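Scroll down for the structure; my scribbles are underneath it.
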Amino acid sequence: MSEPEGRGAAPGQTQERGTSDETSLDLPRRQAGGRASAAAISWIREAALLPVLAVLLVVGAILNSHFLTVSNITGIGQQASALGVVVVGESLILLIGSLDLSLEATYGLAPMLAAWLIVPVASFGSGTELNPFLGILLVFAVGAVIGLVNGLLIVKGRLNGFIVTLGMTILLAGIQDGIVKGQSPFNWPTAFGWLGSANFGVVPVSLIVAVAVFVITGLFLRYHRSGRAIYAVGGNLAAARAAGIRVDRVRIWVFVAGSVLGALGGLMEAGRVSSVASTQGYGEGIIFTVFAAAVIGGVSLRGGRGNMVGAASGVILLSLVQNLLDLENAPNYWIDAIDGGVILFALILARVIGGEAAAE
Amino acid sequence: MTVGTVPAVEAAGIHKRFGSTYALRGVDLSLLPGHCLGLVGRNGAGKSTLVSILSGILTADAGQVLFDGQPAPSDTAGWRGRIATVFQHSMVVPSLTVAENVFLGTQPGRGGFVDWREMRARTRSVMAEWGFDVNANAPCGSLTVEQRQIVEIVRALAAGTRCLLLDEPTAALERGAVQRLFERIRQLRQSGVAILYISHHLEEVFEICTEAAVLRDGELVLSAPIADVSKDDLVTAMVGQIRHPERTHPARRPSPSSPSVGTAAAASAPGTALTVSDIALDSPGTSLHGVSLTVRPGERVGLTGLRGSGATMLARIVAGAVAPDAGTVRLGDRALRPGDRAAALRAGIGYIPEDRQADGFVPLLGVAENITMAIVDRLARFGLVSPRRREARAAPLARRLSLVSAGLGQPVGELSGGNQQKVTVARALARDPKLIVAITPTRGVDVASKELLLGELDRAAAAAGASLLLATDELDDLVICDRVIVLVRGEIFTEFTDPPFDRERLIAATEGMGAAA
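Protein chains in written order, with my numbering: chain A, 1296 to 1655; chain B, 122 to 638.
Here's what the structure looks like:
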C-alpha cells in the first residue's frame, strides 16, 4: 500500500476504519492528484474539441487548396460570428438550467422590425424612414423586451420554459412575416449594416464583435459574482437561494441578456447578407444549430456546467464543417442530412473525449 | 471555552399554521453557546417547520426568534450571519469548487469581481483553523457525502456564524463518518458554538447532546439536560401517553403470541428457499469476492456491514436489480437470470429498494396503483385493469400496514415519508412473494412507525410463508431476524445465529473485529 499522505495505518496497528477508508478525507486529493493537475483536468475538459478542430483544419487543407486561404478563413469568421453570438446567449440560458427556443425568432424579428422602419417603401419598408442608429438601438430594445417577457413568464409565472419559448417563437416569426408580407427589406443606410458587413483590413467587424462577446462573457462568468451566481443557480437552485443569491432576478436577467445577444446576432446576419429575409432565424431553423454548438461545446442542458471556450469551439467546429461542405460542392439536397450526421458524430465525439459529464 | 448565559438562539412562543392544521403551537426553545440541543420527534411533529422558521425560510405566525438576546434580523443575509443550517438535502452546487461553495453568494472581491486567490486562501485558513481537510479546489461533485457536509459546516463558520442547525446530519453517513462528525461537533461545542441537532436516532442524541427536547404535535413536550432523561423518557414523550400495545418491541420475539404461528414451523422447514453461490462483483464503490449463502423457507436473514462492505449490493443482486460479474442466485431450484428484475419478480422475489424516492414508487400515481404495480398482469383482463379490481386488491394490504391516506386514489407523492415507505412494502407483498428482499426499509421513518413497519414486514412474511432477506445498516432493524450475516470488504466476515443479537458485538463485527459467534 503506497500512502503518500501518511494517513494510512501505522505498521502493526490494526486498521480500524475498514472500508470507510474509501470515503476518507483525502479522496479528492488522491483523485485529482493535487491542485495543479485538478486544474489541468478541467482545462483539458474545456479544450476537449481543440484536437478535433486541428484535425479538421488539416483534413480541410488536404481536401481543398482554397480552404486555408485568408479570404476563406475570414469568410468563415464572418459567417460564424452571427451564429456564435446567439450561441453565447443560449449558453447563458442553458447555464441557469433553462432553455430558450425563441432566440431564433428574436434573431429574425429584431433586425426585421428595425429594417422595416428604416428602409423606404420601395425596398419594402414602412415608409417612416427611421434613423439607422435609432434602428440599431431598437434592435437591442426588441431583444430586451422579448427576453424580459420570457423571463417573467417562466420565472415569475412559473410556466414551462420549453412551451413558453415555443409559443413565443411562433408568435415572433409570425410578426416578422406579417409586417413585411413575406418581403425582404434591403437597401438601408450603411450604418445599419456596418456591424455585419464592414472590415478592418482583412478582419470582419462581426468577427471582432463575436470574439469580444465570447471573451467578455467568458471573463464575466469566471470572475464576476453575478457570473458565478449563474453557475450556482443552474447547479443547485435551492443552494443558491439558501446562500442569499437573488435567484429570480438572476434568471430573468439571463433571459434578457440571452435575447439581446440573439438580436445582436440577427443584426450581424442582416448586415452580412444586406437584407432581412422573412425567413431569417425561424424559417432557417438556426436554433437547432445553436443548441448543437452549445452542447457539443460542453454546455450541459441540465444547467450549471459549461463555459465559453467550449461554446466557441462548438461554433467553430460546426462552421468549419459547413464551409468544407460548401467548398466541396456537396450536393444541395443532401446538405441537411450531412449536417445532421455531423452534429450526431460531434456529440458522440464530445462524450468520448469529455467523459461522462460532457454532452448531456 | 466561552460558555455564556445569554442564549445563542431563542425561540419564544412560536406559532405556525398551514391552512387549518397547526404545525407549531407556542414553542419555546433556547440554546446556550457551547451547548448541543438534541431535538427529536416523530414525523409530522413539527421539526421541519421549526427548522425552517429558525433558518429564516418561513415566518412564524406569532412569536419571536432571538439571537444573542436580540430580535432576529429582518433580511435574509443578516439572518444567515446568525444561524446556519445544514439541511438534509445537500446545499452545495456540485459543479462549483469547494472554495466557491464555502463563499457561495458572498465571494470576496472588489467591484463585484471575484478574487479567486483570496477566496481559496480564506477557505484553506478556515479549514485549517477548525481542523478540516478538504481540498479547496476540488469540484464539490467529486466529494463524498461526508465531505459535502464539511463544506456546509465550513460555509457557516466562514460566515462567522456561531450557531449551527444540523438537520439529520447522519442520515446518509456510514458509521466511521458519523463518529468523525461527532468529534467535530464536540470540538465546535467546546469552542463555544451552539448546535441544534435534529435526529431520528436517540442514541446519537445521548452520545453528543447536552440537552434534549421533544416535539409532539407541534408542542414542546419535554426539554431537559441529557443527564436527567432516559431513552424511555424520550420515546414516551415522542409517542405520547398511549403506547400501542402492539408496538412494544418486536425485539421480544420469537413470541408465541404473535400471529406468526407458522413461523416456528416454517423456520425449521427443510430445504432452501434461496441459494446464492460465489457472487463476485467489481464496481467502484463496492466489491464482492465470492459470497455464498442460503436462506431456508420462512427464515429471516439479516445482512449488515459498513457502507461499501457489499451488504446492500448483495441484496440488490439477489433482487435482480444488479447483475454480478460472476455467481448464481437460485430461488428454490430455479436459477435466476442475473440482473433481470422482471424475471426475479415473476419467480417470486418481492423487493423493497433502498432509495424509495427513486425506485420505490411513482409519486403522481395513486396508492392503489402503486401497490398493484407489480401484479398488473394478474389484474388485467385483455390488457385492461379496472380501478375497482385494483382497489380491491390494494385495500387489504393498505389496511394491514395501517397505511394512512385520503383514499386509495391519493397520489403517493402527497403522503408522509412513513406512509410512502408502507406503499413500497405493500407493493413488495402484493405478489405473494416467496422471498422478500428489503434494503434499509426503515430509513427516514420515525421510531414508532419503524417498529410497526418492521413488525408488519415480519408478520406479512410469516403469513405468506415467505423468507426475508433484510439488508440494513440500522442495527435496530435486525431484531426481527433469525440470523445475521455480517459482510466486511465484500466477504462474509461472520454470522450471528442466536437472537437477540448483541449490539456491541455486531458493531465490532462490521468493523471487522472480534471472533465469529
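Each residue gets a CB set at the ideal place from its N, CA and C atoms; glycine is no exception. This structure is a prediction, so every number in the text was calculated from the model and none was measured.
**OP:** Below 8 angstroms on the Cβ atoms is my guess for A/G1384 versus A/G1561; work out the distance and round it to an integer in Å.
**Re:** Position 89 of the first sequence holds residue 1384 of chain A. Position 266 of the first sequence holds residue 1561 of chain A. At roughly 11 angstroms, the Cβ-Cβ gap does not stay under 8 angstroms, so A/G1384 and A/G1561 are not in contact.
Subject >> Amino acids of chain A, ordered along the chain, whose beta-carbon sits closer than 7 angstroms to that of B/F234 >> reply: Residue mapping note: residue 234 of chain B aligns to position 113 of the second sequence, counting from 1. Within chain A, the residues near B/F234 are Y1518 and H1519.
Original post:
With a cut-off of 9 angstroms, does the C-beta of B/P459 fall near any C-beta of chain A?
Top reply: Here residue 459 of chain B is taken as the residue at index 338 of the second sequence, counted from 1. B/P459 is outside the set of residues whose beta carbon lies under 9 angstroms from a beta carbon in chain A.
Original post:
In chain A, what lies closer than 8 angstroms to B/V223 by C-beta?
Top reply: For the purposes of this step, residue 223 of chain B is taken as the residue at position 102 of the second sequence. The contact set of B/V223 on chain A, defined by CB atoms closer than 8 angstroms, is empty, because the minimum CB distance reaches about 10 angstroms.
Original post:
Which of the three DSSP states, helix, strand or coil, is assigned to B/R138?
Top reply: Counting from 1 along the second sequence, the entry for residue 138 of chain B is found at position 17. In the displayed model, B/R138 falls within a strand according to three-state DSSP.
**OP:** Would you please state the rounded distance, in angstroms, between the beta carbons of B/V416 and B/T449? I believe it to be under 8 angstroms.
**Re:** By one-based count along the second sequence, residue 416 of chain B stands at place 295. By one-based count along the second sequence, residue 449 of chain B stands at place 328. About 14 angstroms; that fails the 8 angstroms criterion.
Original post:
Going by alpha carbons, who is nearest to A/R1544 out of A/L1378, A/V1610, A/R1646 and A/V1450?
Top reply: Here residue 1544 of chain A is taken as the residue at index 249 of the first sequence, counted from 1. The shortest C-alpha separation from A/R1544 is found at A/V1450.
Subject >> A/I1581: first and last residue of the uninterrupted alpha helix (DSSP H) it sits in >> reply: Within the first sequence, the letter at position 286 stands for residue 1581 of chain A. Where A/I1581 is concerned, the enclosing alpha helix (DSSP H) stretches over I1581 to I1591.
**OP:** Output the distance between the C-alpha atoms of B/R146 and B/Q270, rounded to the nearest integer angstrom.
**Re:** Against the second sequence, residue 146 of chain B aligns to sequence position 25. Against the second sequence, residue 270 of chain B aligns to sequence position 149. Distance between the alpha carbons of B/R146 and B/Q270: 31 angstroms.
**OP:** Could you tell me whether the segment 583 to 603 of chain B touches the segment 504 to 515 of chain B, where touching means 3 or more Cβ pairs closer than 8 angstroms?
**Re:** Taking a cut-off of 8 angstroms for Cβ pairs, the segment 583 to 603 of chain B and the segment 504 to 515 of chain B do not touch, as fewer than three such pairs fall below it.
Original post:
With a cut-off of 9 angstroms, does the C-beta of B/F208 fall near any C-beta of chain A?
Top reply: Here the question's residue 208 of chain B lines up with position 87 in the second sequence. At least one CB of chain A lies nearer than 9 angstroms to the CB of B/F208.
Original post:
Are any of the Cβ atoms in chain B nearer than 9 angstroms to that of A/N1531?
Top reply: Translated into the one-based positions of the first sequence, residue 1531 of chain A becomes position 236. Cβ-Cβ to chain B under 9 angstroms: yes for A/N1531.
Original post:
Should B/L278 be labelled buried (16 or more other beta-carbon atoms within 10 Å of its own) or exposed?
Top reply: If you number the second sequence from 1, residue 278 of chain B lands on position 157. By the neighbour-count rule (16 or more Cβ atoms within 10 Å), B/L278 is buried.
Original post:
For the segment 1577 to 1605 of chain A, which residues have a beta carbon sitting closer than 7 angstroms to at least one beta carbon of chain B?
Top reply: If the cut-off is 7 angstroms between Cβ atoms, the segment 1577 to 1605 of chain A has G1599 and R1600 near chain B.
Subject >> Endpoints, alpha helix (DSSP H) assigned at B/Q300 >> reply: Locating residue 300 of chain B in the second sequence gives position 179, counting from the first residue. Element bounds for B/Q300: R296 to Q311.
Subject >> When A/F1487, A/D1395 and A/G1473 are compared against A/L1433, the one with the closest alpha-carbon >> reply: Numbered from its first residue, the first sequence carries residue 1433 of chain A at position 138. If we check each option's Cα against that of A/L1433, A/F1487 comes out closest.
**OP:** Ignore the nearest five residues each way along the sequence and tell me which others in B/G460's own chain have a CB closer than 7 angstroms to its CB.
**Re:** The sequence position of residue 460 of chain B within the second sequence is 339, counting from 1. Take B/G460, set aside five residues on each side of it, and the residues of its chain with a beta-carbon closer than 7 angstroms to its own are G441, V443 and A444, in chain order.
Original post:
Nearest chain B C-beta to A/R1453 closer than 9 angstroms, yes or no?
Top reply: Taking the first sequence and counting its residues from 1, one reaches residue 1453 of chain A at position 158. No, its Cβ sits nowhere closer than 9 angstroms to a Cβ of chain B.
Subject >> Residue span of the alpha helix (DSSP H) that contains B/T244, given as start and end >> reply: Position 123 of the second sequence, counted from the start, is the residue given in the question as residue 244 of chain B. Element bounds for B/T244: W237 to E250.
**OP:** Please check if any C-beta of chain A sits within less than 9 angstroms of the C-beta of B/P445.
**Re:** Position 324 of the second sequence, counted from the start, is the residue given in the question as residue 445 of chain B. At a cut-off of 9 angstroms, the C-beta of B/P445 has no neighbouring C-beta in chain A.
Subject >> Nearest to A/L1398 (by Cα), restricted to the options A/N1426, A/L1363, A/L1461 and A/F1419 >> reply: Here residue 1398 of chain A refers to the residue found at position 103 of the first sequence. Comparing C-alpha distances from A/L1398 to each of A/N1426, A/L1363, A/L1461 and A/F1419 shows the shortest one belongs to A/L1461.
**OP:** Return the CA-CA distance between B/G202 and B/A129, expressed in angstroms with no decimal places.
**Re:** As a position in the second sequence, residue 202 of chain B is number 81, starting the count at 1. As a position in the second sequence, residue 129 of chain B is number 8, starting the count at 1. Taking C-alpha positions only, B/G202 is separated from B/A129 by approximately 12 angstroms.
Original post:
Between B/L452 and B/L591, which are expected to be in contact by the criterion C-beta below 8 angstroms, what is the C-beta distance as a whole number of angstroms?
Top reply: For this step, residue 452 of chain B is matched to residue 331 along the second sequence. For this step, residue 591 of chain B is matched to residue 470 along the second sequence. At roughly 17 angstroms, the Cβ-Cβ gap does not stay under 8 angstroms, so B/L452 and B/L591 are not in contact.
Original post:
Pairing CB atoms from the segment 1423 to 1439 of chain A with CB atoms from the segment 1536 to 1550 of chain A, are three or more of them under 8 angstroms?
Top reply: Output reads no: the segment 1536 to 1550 of chain A does not touch the segment 1423 to 1439 of chain A.
Original post:
So which residues on chain A does B/Q228 lean against when the C-beta distance must stay under 8 angstroms?
Top reply: Counted from its first residue, the second sequence places residue 228 of chain B at position 107. Neighbours of B/Q228 on chain A, chain order: R1520 and R1523.
Original post:
Going along chain B in order, which residues have a C-beta closer than 7 angstroms to the C-beta of A/Y1659?
Top reply: Residue 1659 of chain A lies beyond the stretch modelled for chain A, which goes from 1296 to 1655, so this question has no answer here.
Original post:
Interface residues of chain A around B/P215 at Cβ under 8 angstroms?
Top reply: Taking the first residue of the second sequence as 1, we reach residue 215 of chain B at position 94. Per Cβ cutoff of 8 angstroms: G1530, N1531 and G1599.
**OP:** State the CB to CB distance for the pair B/T282 and B/I204, rounded to an integer number of angstroms; the pair is presumed to be in contact (CB under 8 angstroms).
**Re:** For this step, residue 282 of chain B is matched to residue 161 along the second sequence. For this step, residue 204 of chain B is matched to residue 83 along the second sequence. Indeed, because the Cβ distance is near 6 angstroms, the residues count as touching under 8 angstroms.
**OP:** Taking all protein chains shown into account, decide if B/K137 is buried (16 or more other Cβ within 10 angstroms of its Cβ) or exposed.
**Re:** As a working note, residue 137 of chain B is residue 16 in the second sequence. Result: buried.
**OP:** Could you tell me if B/Y318 is buried or exposed, where buried requires 16 or more neighbouring beta carbons within 10 angstroms of its beta carbon?
**Re:** In the second sequence, residue 318 of chain B corresponds to position 197, counting from 1. Buried, since its Cβ has 16 or more Cβ neighbours within 10 Å.
**OP:** Report the residues of the segment 190 to 205 of chain B with a CB closer than 7 angstroms to any CB of chain A, ordered along the chain.
**Re:** Taking 7 angstroms as the Cβ-Cβ cut-off against chain A, the residues of the segment 190 to 205 of chain B that qualify are T197, A198 and R201.
Original post:
Taking the alpha-carbon positions, what's the B/S169 to B/Q209 distance?
Top reply: By one-based count along the second sequence, residue 169 of chain B stands at place 48. By one-based count along the second sequence, residue 209 of chain B stands at place 88. As the crow flies, the alpha-carbon of B/S169 is around 10 angstroms from that of B/Q209.
**OP:** Specify, as a first and last residue, the run of the beta strand (DSSP E) that A/F1419 falls within.
**Re:** Your numbering for residue 1419 of chain A matches position 124 in the first sequence. Unbroken run through A/F1419: none, as it is neither H nor E.
Subject >> Nearest-angstrom Cα separation, counted from A/G1379 out to A/S1418 >> reply: Along the first sequence, one-based indexing puts residue 1418 of chain A at 123. Along the first sequence, one-based indexing puts residue 1379 of chain A at 84. Straight-line spacing of the CA atoms in A/S1418 and A/G1379 works out to 29 angstroms.
Original post:
Just reading off the alpha helix (DSSP H) that B/Q185 is part of, what are its end residues?
Top reply: Your numbering for residue 185 of chain B matches position 64 in the second sequence. Annotation for B/Q185: no alpha helix (DSSP H) segment contains it, though the beta strand (DSSP E) segment containing it runs A183 to F188.
**OP:** Measure from the C-beta of A/A1343 to each C-beta in chain B and report whether the shortest distance is under 9 angstroms.
**Re:** As a working mapping, residue 1343 of chain A is identified with position 48 in the first sequence. Answer no: the Cβ-Cβ gap between A/A1343 and chain B never drops below 9 angstroms.
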